[in-house]
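*Asks:*
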Amino acid sequence: ARSISILALGEVAGTAAAIIGAFSLLGASIIGTITDGLFDGTVTPMISTFFLGSLGALIIIVVTERGRLFGDT
Numbered sequence: 001a002r003s004i005s006i007l008a009l010g011e012v013a014g015t016a017a018a019i020i021g022a023f024s025l026l027g028a029s030i031i032g033t034i035t036d037g038l039f040d041g042t043v044t045p046m047i048s049t050f051f052l053g054s055l056g057a058l059i060i061i062v063v064t065e066r067g068r069l070f071g072d073t
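Counting in the numbering used here, the sequence shown runs from 1 upward without gaps.
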């Protein structure tokens with residue numbers, strides 16, 4: 001999906017891909033740092049991060065689809 005979205009950028013598609021990758025890496029490193037800081041010898045911080053990430057993705061899908069997800073359209 002990412003490659004299709006930057007297809008319209010033409011000559012600057014490589015730059016756009018690099019910027020998207022850099023922001024993805026930045027976000028992942030921030031989340032990883034927070035999870036590492038919460039580490040207490042158990043898997044609870046990692047499981048909590050997985051749960052919150054999944055919940056966030058589900059909320060984004062529900063909001064963006066606006067009821068079309070399981071509709072007949």
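For every residue, glycine included, the Cβ atom is placed at its ideal position computed from N, Cα and C.
Return the first residue and the last residue of the alpha helix (DSSP H) that residue 36 is part of.
*Replies:* 13-37
*Asks:* Looking at the secondary structure, which residues open and close the alpha helix (DSSP H) in which residue 51 lies?
*Replies:* 44-65
*Asks:* Compute the distance between the beta-carbons of residue 52 and residue 61, then report whether it is under 8 Å.
*Replies:* no
*Asks:* Can you look up residue 10 in the DSSP assignment and give me helix, strand or coil?
*Replies:* In the three-state reduction of the DSSP assignment, residue 10 falls in the helix class.
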